[in-house]
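K.L.:
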Amino acid sequence: MAKKGKKYVEAAKLVDSMKAYPITEAIELAKKTNFTKFDATVEVAFRLGIDPKKADQNIRGAVVLPNGTGKTQRVLVFAKGEKAKEAEAAGADFVGDADYINKINQGWFDFDVIVATPDMMGEVGKLGRVLGPKGLMPNPKTGTVTFDVEKAVNEIKAGKVEYRTDKAGNIHVPIGKVSFENEKLIENFNTIFDTMLKVKPAAAKGTYMKNVSVTSTMGPGVKVDPSTVTAK
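In this text, residue positions in the sequence shown follow the UniProt record's numbering: the first is 1, and each later residue adds one.
#1: Between the segment 80-89 and the segment 202-211, are three or more C-beta pairs nearer than 8 Å?
#2: State the Cα-Cα distance for the pair residue 70 and residue 104, rounded to the nearest angstrom.
#3: Using the Cβ count rule (16 or more neighbours within 10 Å means buried), how would you classify residue 106?
#4: Who does residue 21 pair with in a DSSP beta bridge?
#5: What span of residues does the alpha helix (DSSP H) with residue 185 cover, start to end?
#6: Would you identify the three-state DSSP class for residue 68, choosing helix, strand or coil?
#7: If you pair each beta-carbon of the segment 40-59 with each one of the segment 167-179, do three or more pairs fall below 8 Å?
#8: Under 8 Å between the Cβ atoms of residue 39 and residue 177?
#9: What number of angstroms, rounded off, separates the C-alpha of residue 5 from the C-alpha of residue 122?
#10: In three-state terms, what does DSSP make of residue 120?
#11: Hey, out of 217, 222 and 161, whose CA is closest to residue 196's CA?
#12: Taking the C-alpha atoms as reference points, what is the distance between residue 109 and residue 131?
#13: Given this structure, state the Cα-to-Cα distance separating residue 217 from residue 163, to the nearest angstrom.
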């Protein structure tokens with residue numbers, strides 16, 4: 001295992017790794033243990049009691065955080081005609097069709113999220129090889145394949161985050177920046193926590209929320225006691 005830096009070791013001393021903290025304390029500690037000079041991202045990690053190998057237990061979706069993530073997402077929309085105009089009016093950063101498909105094939109990735117109208121997916125699908133591994137492929141489950149491009153762009157700009165299980169059944173979601181007020185981070189945390197409860201697969205057996213923790217970009221993880229979360 002890689003040797004932890006001195007700053008990390010010092011920060012980790014502030015956290016009792018055996019303890020699950022009330023959400024208010026956990027957020028405070030996640031901020032306190034951030035030792036980077038930049039405004040680090042605060043992230044929540046869920047270890048879920050699911051079997052991600054089974055399709056009916058694969059969790060994927062998106063949710064709009066009430067206070068955003070502190071990062072403005074650059075949105076690329078694949079659309080034609082009226083839908084392209086609608087995307088531009090909604091504030092999409094890039095709008096087009098074949099021209100942007102060619103640019104991506106040549107290695108252009110100056111965007112964070114892709115939205116595509118269903119009639120464009122035949123062409124966009126050809127980019128699966130390059131977009132798939134980066135997690136950038138539009139998907140109806142996350143609301144990024146839609147004719148309602150105005151709504152899609154507005155939600156992404158307002159702070160929509162995507163979540164999906166990895167191979168081990170974990171989900172990682174950004175909930176803001178260290179510079180956010182504690183209340184705003186807690187509100188964002190509650191929103192994603194509530195969403196995780198709602199999307200629990202019917203086939204999941206045993207303990208669903210095995211572990212919940214919050215952390216800053218380079219900081220140590222801080223366990224959260226789920227019973228202290230006042231989800232909706």
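Every residue, glycine too, gets a C-beta built ideally from N, C-alpha and C.
P.N.:
Per the coordinate set shown:
#1: No, they do not touch.
#2: Residue numbering aside, residue 70 sits at position 70 when the sequence shown is read from its first letter. Residue numbering aside, residue 104 sits at position 104 when the sequence shown is read from its first letter. Those two C-alpha atoms are separated by around 26 Å.
#3: Locating residue 106 in the sequence shown gives position 106, where the first residue counts as 1. Exposed, since its Cβ has fewer than 16 Cβ neighbours within 10 Å.
#4: Start at 1 with the first residue of the sequence shown, and residue 21 comes out as number 21. In DSSP, residue 21 forms a bridge with 224.
#5: One-based indexing of the sequence shown puts residue 185 at position 185. Counting along the chain, residue 185 sits inside the alpha helix (DSSP H) bounded by residues 182-198.
#6: Counting from one through the sequence shown, the residue named residue 68 turns up at place 68. In this structure, residue 68 counts as coil in the three-state DSSP scheme.
#7: Contact holds: three or more Cβ-Cβ distances are below 8 Å.
#8: The residue you call residue 39 lines up with position 39 of the sequence shown. The residue you call residue 177 lines up with position 177 of the sequence shown. Yes, they are a contact pair.
#9: In the sequence shown, the residue the question calls residue 5 occupies position 5. In the sequence shown, the residue the question calls residue 122 occupies position 122. Counting only the Cα atoms, residue 122 lies some 48 Å from residue 5.
#10: Within the sequence shown, the letter at position 120 stands for residue 120. Here residue 120 sits in helix by DSSP.
#11: Along the sequence shown, read from residue 1 onward, the residue named residue 196 stands at position 196. By alpha-carbon distance to residue 196, the top candidate from 217, 222 and 161 is 161.
#12: Along the sequence shown, read from residue 1 onward, the residue named residue 109 stands at position 109. Along the sequence shown, read from residue 1 onward, the residue named residue 131 stands at position 131. Spanning the two alpha carbons is a distance of roughly 10 Å.
#13: To locate residue 217, count along the sequence shown from 1; it is residue 217. To locate residue 163, count along the sequence shown from 1; it is residue 163. Going by the C-alpha atoms only, they are around 17 Å apart.
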